[in-house]
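Visitor: Before I ask anything, here is the structure I am working with.
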Amino acid sequence: MKIEVRNNNVEKAIRVLKKKLMKDGVMKELKMRQYYEKPSDRRVRKKKEMIANYKKKQRLLEKFKD
Numbered sequence: 004m005k006i007e008v009r010n011n012n013v014e015k016a017i018r019v020l021k022k023k024l025m026k027d028g029v030m031k032e033l034k035m036r037q038y039y040e041k042p043s044d045r046r047v048r049k050k051k052e053m054i055a056n057y058k059k060k061q062r063l064l065e066k067f068k069d
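Per the working numbering, the very first residue in the sequence shown carries number 4; after that it's consecutive.
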């Protein structure tokens, strides 16, 4: 990943870098790997995430259906 610093504006370059890292999922991956997670806990977490995503999509479909 490459970020260009234009006009010595380092703050803007850092914001662009953070945005790209968030979009790629690197920050979430770092957060998840900060501590060891047992495989069974990982499965439970992923299942909960899938259920939450499904419910969110269903709410959006209901919202646009009306």
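Positions of the beta carbon are idealized from the N, C-alpha and C atoms, including for glycine.
Please state whether DSSP places K68 in a helix, a strand or coil.
Guide: Note: K68 maps to helix in three-state DSSP.
Visitor: How far does the alpha helix (DSSP H) with K34 in it reach, from first residue to last?
Guide: From DSSP, the alpha helix (DSSP H) with K34 extends over V29 to M35.
Visitor: My guess is that K26 and M4 are in contact by the Cβ rule of under 8 Å, so how many angstroms apart are they, rounded?
Guide: Not confirmed; about 11 Å, so no contact.
Visitor: So what does DSSP say about I88, is it helix, strand or coil?
Guide: Not covered by the structure: residue 88. The range shown for the chain is 4 to 69.
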